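Q: If you're matching positions, the sequence shown starts at 16 in the working numbering and goes up one per residue.
Pasting a structure here, questions to come.
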Amino acid sequence: MLWKLDARRTLSVIYVGLLYSFVAHGQLDFSVPSDWQKPDSPNPRSQRLSIAQAAIDPLISNIDPSNGTVDPLNTWQSANVLASIAQLDYVSGAQDHRDVFKTSLAAFQSGHPTFFDTQVPLNQTSDPLMWGLAAFYGFRAYNASDLLEIAEGVWNTAQTFFVTADEAAKGTHPTKNGSFPANCIQNSNTIATGAVFARSAAPDDFSITIETAGAYVALSAHLWESTGNITYLTFADLSTSFMYNYMFNNEVFIDTYDLMSCQVSKDALFSYNQGFVIEGLLILSTSPLPSNTSRANALRNLIITTVPFSAWTTVDGENAGVMNETSSISVQDNEVAFDYKNIFINALFEVWKRANSSDPMATYIQAFIMVQYNALLSPAVSQGNVYSPIWVGRGNIPPQPVPWGQLEAMPVLNAAIGIPPTSNSSSSSPAGSSPASAATTGPSSTIKNTSSSSLSGGSIAGIAVGAIAGVVVMILGGVLVVRRSRRVEVAASDIELPESEGVVVEPFTLTAREFRRPLGTGSSETDYVMPAGYARKNGQGLGLAASRTESSVSASVHPGSPPSDSSAEVPTPADINESSITRMIHQVLSRMQVQEAPPAYN
C-alpha cells in the first residue's frame with residue numbers, strides 16, 4: 016500500500032516536471048520578429064570601424080586630463096566613456112587608445128583613491144563598481160595587469176557593503192545603524208545574503224539597487240574568469256540569488272529594494288539593470304558551480320523577456336524593435352538615463368560573442384543590435400558623426416556632438432564591428448563568424464547548447480520523435496498506475512498506517528513568488544505599457560526624478576505568495592486526469608508540427 020502511494024507520487028513528480036519542461040521551453044521563441052526595422056546591415060567591417068572611431072573622437076577630445084572625466088557627465092557616465100574606449104579597441108583588436116585610457120583612469124584615481132564620487136553626498140557604491148568594470152575592460156583590451164589589480168581593488172572596496180550570511184541572519188551590518196528584518200520573504204528561510212548596499216555613506220539607508228548588486232555580480236564574475244579565484248565566483252552567485260529572490264518580478268529586474276521596509280520600487284524599470292544581470296549570468300552559466308545549469312536557463316529566459324520589453328523597446332510601428340527608453344527627455348539635457356542602453360547592449364554583445372553559431376538566441380541578439388545600428392545611422396538620429404541620444408522620432412539631432420549622445424551610441428557602434436555584414440537574405444549569419452581578430456569573435460560555443468555538430472538533421476528528427484513517443488508512453492503508464500492506486504486507496508481507506516511504516520513523502524509542488532501583472536495587459540511582455548510614474552534617476556543617479564504618467568499600471572514583487580495569474584500555474588498532482596494529459600500530448604504534438612525543420616549539420 017505504501018509503495019503504491021509513493022509510486023503514485025513519484026509519477027506525479029514526473030508528470031509535473033515534464034509539463035513544466037514543456038511549458039518553459041515552449042516560451043523561449045527566439046525567432047526574429049518580422050516587424051523589427053532593418054535587422055541587417057551589409058556595411059563592411061572597415062566602414063563600421065571608421066564610423067565608431069569618428070563617433071568616439073569627440074568624447075576623447077573632451078576628457079579632462081586633470082581628472083579623467085568628461086564634463087558635464089557624472090562620474091558613472093565618465094567611467095562608461097572609458098569602458099567604451101576599451102571596448103572599441105577590444106573588438107577592433109587594436110590598442111590605439113591604450114594611452115588615453117590609462118592616463119584618464121590614473122587621473123581619476125589620483126583624486127578618488129577608492130573611486131567614489133566624493134562630490135555626491137550619499138556616495139553611490141555603483142560608481143566605483145562601474146570604474147572597476149571599466150578597468151577590467153581595459154585589462155581585457157590591453158592585457159595590462161595593473162588594470163586588473165585596479166579592478167580587484169574596487170571589488171575589495173565594494174565588499175565592505177556586501178551582506179554576509181551571518182549579517183543577514185542577524186539583521187545587522189557594520190556600515191548601517193539599527194537593524195533590518197531577517198526574513199522579508201514570508202514563510203521562507205530565505206535571508207538577504209548577497210545584498211550589496213547602494214549608499215555607502217548613508218548609515219540609515221538600507222536600499223539595494225541592481226545598478227549596484229548587478230554591477231558587483233558582473234565584476235565578480237569577470238574577475239573569477241580572469242584569475243581563477245573561486246572567491247569571486249562564490250560571491251557573484253550569492254548576489255545573483257539575492258537579486259532573483261528579492262528584485263525579480265518573473266519578467267524583469269526592478270531597480271531598488273529597501274531591506275528595512277521589505278519594499279520594492281514598483282515602477283522603477285530600467286534596461287541597464289537587466290544588462291548587469293545578463294553579463295553576470297553569462298559567466299555563471301559556464302562556471303563549475305552546481306547552479307550553472309539553472310543560471311544558463313535563467314540567462315536565456317531573461318534575454319527573451321527583456322529584449323522586447325516595452326518599457327525600453329518600441330513594440331510596433333515604423334520604429335519597431337528600436338530602443339526608446341528616453342524618448343521624452345530633451346536631447347540638450349544631460350540625463351544619466353540616456354546611457355542606460357550602454358550596459359544592456361554591451362551585455363547582449365557579450366552573450367552573442369560566446370554563443371554557439373547554431374543557437375537561435377545568437378541570431379535574435381544579432382538582429383536586435385543591428386536594428387539599433389540602423390536606427391543610429393538613419394538621418395533622423397545622426398548627421399555625420401553627431402548622434403542624438405533619442406533613437407525614435409525626428410528632429411532630435413543636436414547641432415553639435417553632446418557627450419551623452421555620443422556615449423549612448425558607442426556600445427552599438429562597437430558591437431557592429433564584431434558582427435559580420437548581413438543582407439536581408441542572410442540575416443541568420445552565425446555568431447562569431449566575423450573576420451576580425453580573436454578578440455572580436457570571442458570564445459565561441461561557451462554557452463550551453465543541446466545541439467550536436469555530429470548529428471544529421473534526420474538523426475535529430477528521429478531522436479525527437481523517439482523522445483516524444485517515450486514521454487507519451489511514460490504518461491499513459493502513469494495514468495494506469497494512478498487510476499489503479501486510486502482504486503486500491505479507496506478500498507483500503509479505512510486502514511490506518513502505523514507510524515513505523517515511515518514518513519510518506521509529500522507530493523511535489525512548484526511555488527513561485529507572486530507577480531501581479533499590470534492591469535489591462537495581456538500575457539505577453541509586448542503588451543506591457545509604460546507603468547504609471549515610470550521614472551528615471553536624476554543626473555547623479557540619486558533616487559527618482561521626473562515621472563511619466565502614461566498608464567496606471569505597475570509591476571511588483573510579492574515574495575512568498577503563489578502566482579496570482581492562475582492561467583500560468585502548473586497543475587498540482589491532485590489536478591491530474593486523463594483529459595489534462597490528453598491536452599498536454601496534443602499540445603506537444605501540435606507544437607512539433609509547427610516548428611521549423613531541424614538545422615542541417617555537416
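Note that the Cβ used here is the ideal one computed from N, Cα and C, for glycine as well.
Model, not experiment: these values are computed from the prediction.
(1) Considering only residues of the stretch 291-370, which uninterrupted alpha helix (DSSP H) runs meet the minimum length of 4 residues and lie entirely inside it, listed in chain order?
(2) So what's Ile-78 in DSSP terms, helix, strand or just coil?
(3) Use the C-beta contact count for Lys-368: other C-beta atoms within 10 angstroms, 16 or more gives buried, fewer gives exposed.
(4) Kindly indicate the opening and closing residues of the beta strand (DSSP E) around Asp-111.
(5) For Ala-236 versus Ile-298, is the C-beta distance shorter than 7 angstroms?
(6) Evaluate Ala-230 with the Cβ neighbour count: other Cβ atoms within 10 Å of its Cβ, from every protein chain shown; 16 or more gives buried, anything less gives exposed.
(7) Taking C-alpha atoms, which residue in Asp-142, Ser-393, Ile-100 and Asn-400 lies nearest to Glu-333?
(8) Name the one or two DSSP bridge partners that Ile-223 has.
(9) Please return the same chain residues whose Cβ sits closer than 7 angstroms to the Cβ of Ser-515, not counting the five positions on each side in sequence.
(10) Arg-214: buried (16+ other C-beta within 10 angstroms of its C-beta) or exposed?
(11) Tell me the residue span of the alpha helix (DSSP H) that contains Met-385.
(12) Taking only three categories from DSSP, how would you classify Phe-154?
(13) Between the alpha carbons of Asn-307 and Gly-295, how many angstroms are there, rounded?
(14) According to DSSP, Val-211 sits in a beta bridge with which residue or residues?
(15) Roughly how many angstroms lie between the CA atoms of Gln-381 and Ser-203, to the nearest whole one?
(16) For Gln-415, count the other beta carbons within 10 Å of its own beta carbon; 16 or more makes it buried, fewer makes it exposed. Which is it?
(17) Restricting to Cα atoms, I'd like to know which of Gln-347, Ala-69, Thr-208 and Leu-391 is closest to Ser-56.
(18) Below 8 angstroms, can you find three or more Cβ-Cβ pairs linking the stretch 272-280 to the stretch 330-347?
(19) Using a 10 Å radius around the Cβ and a threshold of 16 neighbouring Cβ atoms, would you call Ile-223 buried or exposed?
(20) I want to know whether the stretch 338-354 touches the stretch 399-410 - three or more CB-CB distances under 8 angstroms.
(21) Nearest to Asp-220 by alpha carbon, out of Leu-422, Asn-192, Glu-226 and Gly-83?
(22) With DSSP as the reference, please indicate the residues paired to Gln-398 in a beta bridge.
(23) Is it true that the CB of Arg-409 sits closer than 7 angstroms to the CB of Ala-395?
(24) On a CA-only basis, which of Asn-288, Glu-340, Phe-257 and Asn-244 is nearest Ile-269? Give me that one, please.
(25) Is the beta carbon of Ala-197 closer than 7 angstroms to that of Gly-209?
(26) Tell me the rounded alpha-carbon separation between Asp-348 and Trp-419.
(27) If I follow the unbroken alpha helix (DSSP H) through Gly-420, where does it start and stop?
(28) Can you grab the Cα-Cα spacing for the pair Arg-63 / Thr-341, in whole Å?
(29) Rounded to the nearest angstrom, what separates Asp-132 and Asn-82 at their Cα positions?
(30) Could you name the residues of the same chain whose beta carbon sits closer than 8 angstroms to that of Ile-75, not counting the 5 residues immediately before and after it, in chain order?
(31) Return the first residue and the last residue of the alpha helix (DSSP H) that Leu-43 is part of.
(32) For the putative contact between Val-360 and Pro-426, defined by C-beta atoms under 8 angstroms, what is the C-beta separation to the nearest angstrom?
(33) If I measure Cβ to Cβ from Val-267 and keep anything under 7 angstroms in the same chain, skipping five residues before and after, which residues do I get?
(34) Please report the distance separating the alpha-carbon of Asn-1 from that of Asn-400.
(35) Got a sec? Which residues, its chain only, sit under 6 angstroms from Leu-162 by beta carbon, not counting five neighbours each side?
(36) Under three-state DSSP, which class holds Gln-201?
A: With the given structure in hand:
(1) 307-321 and 355-369
(2) strand
(3) buried
(4) Premise fails: Asp-111 is in no beta strand (DSSP E) and is neither H nor E.
(5) yes
(6) buried
(7) Ser-393
(8) Tyr-272
(9) Caution is warranted here: a pLDDT of 31 is assigned to Ser-515, below 50, making its placement in the model unreliable, and no coordinate value can be reported.
(10) buried
(11) 375-392
(12) helix
(13) 12 angstroms
(14) Phe-177
(15) 40 angstroms
(16) exposed
(17) Leu-391
(18) no
(19) buried
(20) yes
(21) Asn-192
(22) Val-401
(23) yes
(24) Asn-288
(25) no
(26) 9 angstroms
(27) 418-433
(28) 25 angstroms
(29) 11 angstroms
(30) Ile-100, His-112 and Val-115
(31) From DSSP, Leu-43 is part of no alpha helix (DSSP H); its letter is neither H nor E.
(32) Residue identity differs from the one stated: residue 360 is Ile in this sequence, not Val. Confirmed, about 4 angstroms.
(33) Leu-284, Gln-289, Thr-320, Thr-321 and Phe-324
(34) As displayed, the chain neither begins before 16 nor continues past 617, which places residue 1 out of reach and without an answer.
(35) Ala-150, Gly-153 and Phe-154
(36) coil
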